[in-house]
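In this note's numbering, the protein residues as written are 40 to 117.
Okay, structure first, notes after.
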């Protein structure tokens, strides 16, 4: 994926394996534990910090459409 998106994998790997990556992972764990409703399975999809059964169902079928609908302004990739 990194190559396809022209991202530097070494930088990503260095971050993920270093202190910054550990802090990011910890913070995301804390945010996950605080979610309401609580996570019951993975992937748990939030759009704009909101989770509903409808968002989950639609996202599992067509995530791009759900994300594009959530944009406040048109996005060129949508």
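Even for Gly, the Cβ is constructed at its ideal location relative to N, Cα and C.
### Query
Terminal residues of the continuous alpha helix (DSSP H) containing residue 96?
Element bounds for residue 96: 92–109.
#### Entry: Every unbroken alpha helix (DSSP H) within the region 45–87, with a cutoff of 4 residues, ordered by chain
Entirely contained in the region 45–87, the alpha helix (DSSP H) runs reaching 4 residues are, in chain order, 48–56, 58–72.
#### Entry: Cut-off 7 angstroms between Cβ atoms - residues of its own chain near residue 105, not counting five sequence neighbours on either side
Around residue 105: 86, 94, 97, 98.
### Message
Which same chain residues end up closer than 6 angstroms to residue 40 when comparing Cβ atoms and leaving out the 5 residues on each side of it in sequence?
### Response
Spatial neighbours of residue 40 in its own chain (CB-CB distance under 6 angstroms, excluding positions within 5 residues in sequence) are not present.
### Query
Of all the options 84, 88, 70, which has the alpha carbon lying nearest to the alpha carbon of residue 103?
84 is the residue among 84, 88, 70 whose C-alpha sits nearest the C-alpha of residue 103.
### Task
Taking only the alpha-carbon atoms, compute the straight-line gap between residue 63 and residue 76 and give it to the nearest angstrom.
Straight-line Cα distance between these residues: approximately 22 angstroms.
### Query
Across which residues does DSSP place residue 112 in a beta bridge pair?
DSSP lists no partner for residue 112.
### Message
Can you list, in chain order, the residues of its chain with a C-beta nearer than 8 angstroms to that of residue 110? Leave out the 5 residues immediately preceding and following it.
### Response
Take residue 110, set aside five residues on each side of it, and the residues of its chain with a beta-carbon closer than 8 angstroms to its own are 117, in chain order.
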